[in-house]
Structures are given as C-alpha cells and as structure tokens.
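K.L.:
Numbering (the UniProt record's numbering), first residue to last: 1 to 378.
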C-alpha cells in the first residue's frame, strides 16, 4: 500500500509517519526542503525516539521524498496511484499545496483509480474541509468538481501528540509516547480504517476537547511561565502556583465542554489529569518561548483562549483564570517572534483597549475587553 504525506517535518515523520508505517504503508513525503528530501531518499528509513524514562526507538522504513517544486510530475503520478493522502504542512500551507494535489486527484479520477481519502492533520478546526475548498477552486469546470466530489473524501481530523523542538539528529524524531488521531468517518469515501486511529461520527467535540485542554493548557504554561521567568514547560508545571493556575483554567474549559457537548464530568477530570501528566514529561522540555510563539493567532476569536472565554461568557459563566492567561498572552514579549513584536508595537501605538479589540475581534463594548485590560494593567 502507498501513502502520500505532504509535510516531511517533525509531525509528519514523528506522528503520521509512524501510524502509516505500522499500517503497512510505503510513504512518500512531499516537501520543498531539498536536504530533507535527499536524506529520505538516501536512508529510506529513520527512527522515532519515545521521550520517556526508558527510551524506546521505533524504526520507520520504506520512506521516500519528493520535492513538489522540482518534481511536480512525479508528485502528480504518485498521488494518482496513492491509497491514502495525508497532510501536516501547516494550515497556512494548505492553499499552496492545493494546485498540485488537485492535478494528482484529477489524474487519478481520469484513470479510474477508485476512491481515495485526503486527511489534513492540522492544529485547526475543519482543516480537511478547508483543503477541499482550495482543491475545488482549482477545478476549471463543474464536471471536474463533480468528479472530485464523487471520488475523493476530505474527512476532518483532530490530532494530538507533543513533538518538541528537535536537536539536530538527521531524520530521527523525539516524540512523547502518547498520541491521539481522531477522524470523522462521515467525510470518507473509502472503507479504509487505520489501526491506532479513532473514527467517530461527530468530530467537533473531540477537536474542542483537545483544543481547549491540550492547547489551552500549553498556552497557560507558556504565557504564565514566561511572565514568571521560567524557561521550560516542565519547569512551569512543576511550579505549584502555575500548576494551580493551569488546573483552574482547565476546570473552566471543562465546564464549557460539559455543557456544550455533554461530556461526562468524571471522564473530563481524568482527561485533564492525563494532559497535565504529559506536560510534566521532563524528557520533552519544550521552551516556553517556543510554545508561546504566534500569540496573534492564539489570541484570535476562535482559538484556544478567546474561543472558550467568549463561549463561557455567552453561557453566563465567569472564567477569571482564562482572562488572566489571555492577559499574559498580550504581555508575551519575545523579540524573535514576529507576532509578539507586533502585539507589543500595537500596545504602544494604539493602547491596551484598541489592541485587545483588534486582536480578539471582540466588540468595543464587550465586558471581556474590560476584564482583560484590567488584568494587563494590574
């Protein structure tokens, strides 16, 4: 069996690649980084190292690399015969891969190669649906669109595995032992089921459970840890005052998940504890500056902080701890991070209130603007 995966980065190799390999796939990684492509084609294998007390390694073999810029025809030919197509290139890259993906899918349909699924494994809600829209935009006529819609599934997915910043070790990747990959079965065109993947009818509860627990929790540790001068996530969660703040933040987001999706309270408590245990893994040791990067995106209306905060407010539920973390995110001042620099510049030029309104898309008279402002100025 053959899989094509867009994005030969750490998530692609260290998470999706492992699952595909264990399900018997030969994997063609598509990327634009030629040194990475060369290494894949020279070695045809790499190791995943599990970050735990007794380190384990997993050999991933039968892997190859294709450069989508210099080997477009080969990428299209490989897409046309693939049994599965996956993506972890970053949400902002989805429109860039759509043209070559569209050509490969059209060639496949014209050859009568049968149905195939394209799964975007990104840290975003509805990434496969977004990619589907970009692919359909590439179609020149309705007949081509109809052929794609009839033969290609774009099931949305939720993915979760902490892959820390890597010290250079060739293709090998250090990852945490835990992973979760959930796919919306209703979006599929094939009956293919991967071992290690959870197929569900309704995906949104799982996406938001992950986003508002793992990502919100990670953001809490990064921004509050940074404010207190703590360098790493593991050190932040080991600090009792920060850990308490984390626990309170996750209680607030769990309240939302319980009310919105009827998750069981005891199961959510168990899930929260599992996530906190993952953050404690000293073998991952991610710097707070890396985890906190891109605060503009993380403070946007539908993301990990403002998203749950607004939904809780609309349900009449106060979330003072989420407000504190949002305020800390506005104060995340890292010169090497462009978004951080932009926020600091906005605060100086436009003032606190206007910056909050612009970054979060909250209305000028929204009480949360006042609450976040009060925390920033406290």
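Even for Gly, the Cβ is constructed at its ideal location relative to N, Cα and C.
Is the beta carbon of residue 234 sitting closer than 9 Å to the one on residue 280?
P.N.:
Contact flag set, yes.
K.L.:
Over what stretch of residues does the beta strand (DSSP E) that includes residue 160 continue unbroken?
P.N.:
Where residue 160 is concerned, the enclosing beta strand (DSSP E) stretches over 157-160.
K.L.:
For residue 7 and residue 225, I'd like the C-alpha separation in whole angstroms.
P.N.:
Between residue 7 and residue 225, the C-alpha separation is close to 31 Å.
K.L.:
Between residue 249 and residue 216, which are expected to be in contact by the criterion C-beta below 8 Å, what is the C-beta distance as a whole number of angstroms?
P.N.:
About 6 Å separates the two Cβ atoms, so the contact holds.
K.L.:
How is the alpha helix (DSSP H) around residue 278 delimited, first residue to last?
P.N.:
From DSSP, the alpha helix (DSSP H) with residue 278 extends over 265-279.
K.L.:
In chain order, what residues of the same chain have a beta carbon less than 7 Å from the beta carbon of residue 24, not counting five sequence neighbours either side?
P.N.:
Taken in chain order, the residues that qualify are 1.
K.L.:
Leaving out five residues on either side along the sequence, give the residues of the same chain with a beta carbon under 7 Å from the beta carbon of residue 232.
P.N.:
Here the set comprises 285, 286, 287, 288.
K.L.:
Sort out for me which residues DSSP pairs residue 44 with in a bridge.
P.N.:
DSSP lists no partner for residue 44.
K.L.:
Report the residue from 124, 19, 209 whose alpha carbon sits nearest the alpha carbon of residue 297.
P.N.:
When only C-alpha atoms are compared, the closest one is 124.
K.L.:
Check whether the Cβ atoms of residue 121 and residue 113 sit closer than 9 Å, and answer yes or no.
P.N.:
No, the Cβ-Cβ distance between residue 121 and residue 113 is not below 9 Å.
K.L.:
Which value, in whole angstroms, describes the spacing of the CA atoms of residue 72 and residue 374?
P.N.:
Going from the Cα of residue 72 to the Cα of residue 374 covers about 53 Å.
K.L.:
Buried or exposed: where does residue 302 fall if 16 or more other Cβ atoms within 10 Å of its Cβ makes it buried?
P.N.:
By the 10 Å Cβ count, residue 302 comes out exposed.
K.L.:
Whose C-alpha, out of 352, 314, 294, 282, is nearest the C-alpha of residue 55?
P.N.:
Looking at the Cα atoms, 282 is the closest of the given residues.
K.L.:
Assign residue 241 to buried or exposed, taking buried as 16 or more other Cβ atoms, counted over all protein chains shown, within 10 Å of its Cβ.
P.N.:
That one is exposed.
K.L.:
What's the gap between the Cα of residue 138 and the Cα of residue 174?
P.N.:
The alpha-carbon atoms of residue 138 and residue 174 are separated by roughly 37 Å.
K.L.:
How far does the beta strand (DSSP E) with residue 57 in it reach, from first residue to last?
P.N.:
Residue 57 -> beta strand (DSSP E) spans 56-61.
K.L.:
At the 9 Å Cβ level, is residue 271 part of the contact set with chain D, yes or no?
P.N.:
This model lacks chain D altogether, as it is built from one protein chain only.
K.L.:
So what's residue 51 in DSSP terms, helix, strand or just coil?
P.N.:
In this structure, residue 51 counts as coil in the three-state DSSP scheme.
K.L.:
Which residues in the same chain as residue 80 place their Cβ atom closer than 7 Å to its Cβ, once the five residues preceding and following it in sequence are excluded?
P.N.:
So the qualifying residues of the chain are 104, 107, 108, 111, 113.
K.L.:
How about the segment 185-203 and the segment 145-161: do they share at least three Cβ pairs that are nearer than 8 Å?
P.N.:
At 8 Å Cβ cutoff, the stretches touch.
K.L.:
To the nearest whole angstrom, what separates the beta carbons of residue 256 and residue 308, a pair I think is in contact under 8 Å?
P.N.:
Indeed, because the Cβ distance is near 5 Å, the residues count as touching under 8 Å.
K.L.:
Return the chain-ordered list of same chain residues with a C-beta closer than 8 Å to the C-beta of residue 230, the five sequence neighbours on each side being excluded.
P.N.:
236, 239, 242, 288.
K.L.:
Per the DSSP calculation, residue 67 is bridged to which residue(s)?
P.N.:
DSSP, once it has assigned bridges, lists 31 as partnering residue 67.
K.L.:
Identify every run of the alpha helix (DSSP H) within the segment 113-176, keeping only runs that are complete inside it and at least 4 residues long; order them along the chain.
P.N.:
Fully enclosed alpha helix (DSSP H) runs of 4 or longer: 127-137, 142-151.
K.L.:
Using DSSP with H/G/I as helix, E/B as strand and the rest coil, what is residue 237?
P.N.:
Here residue 237 sits in helix by DSSP.
K.L.:
Using 8 Å as the threshold, is the segment 60-72 in touch with the segment 84-91, meaning 3 or more CB pairs across them?
P.N.:
No, the segment 60-72 does not touch the segment 84-91.
K.L.:
Buried or exposed for residue 344, going by 16 or more other Cβ atoms inside 10 Å?
P.N.:
Its Cβ being crowded by 16 or more others within 10 Å, residue 344 is buried.
K.L.:
May I ask you to report which of helix, strand or coil DSSP gives residue 25?
P.N.:
Of the three classes helix, strand and coil, the one that applies to residue 25 here is coil, per DSSP.
K.L.:
Pick out whichever of 312, 85, 14, 314 has its Cα sitting closest to the Cα of residue 166.
P.N.:
Selected option, being the one with the closest Cα: 14.
K.L.:
Using a Cβ-Cβ cutoff of less than 6 Å, which residues in the same chain neighbour residue 132 once the five nearest sequence positions on both sides are dropped?
P.N.:
Same-chain partners within the cutoff: 154.
K.L.:
Does the Cβ of residue 59 have 16 or more other Cβ atoms within 10 Å, making it buried, or fewer, making it exposed?
P.N.:
When all chains shown are included, residue 59 counts as exposed.
K.L.:
By DSSP, does residue 372 sit in helix, in strand, or in coil?
P.N.:
In this structure, residue 372 counts as helix in the three-state DSSP scheme.
K.L.:
Quick one: measure Cβ to Cβ for residue 116 and residue 75, integer angstroms, because I've assumed they're closer than 8 Å.
P.N.:
With a Cβ gap of about 15 Å, residue 116 and residue 75 do not count as contacting.
K.L.:
By Cβ distance, which residues of its chain are closer than 7 Å to residue 95, with the 5 residues on each side in sequence left out?
P.N.:
Hits under 7 Å: 134.
K.L.:
Got a sec, what are the start and stop residues for the beta strand (DSSP E) residue 321 sits in?
P.N.:
Run containing residue 321: none in the beta strand (DSSP E); it sits in the alpha helix (DSSP H), 320-330.
K.L.:
On the DSSP letters alone, give me the boundaries of the alpha helix (DSSP H) that residue 357 sits inside.
P.N.:
Taken as a continuous stretch (DSSP letters only), the alpha helix (DSSP H) holding residue 357 covers 352-360.
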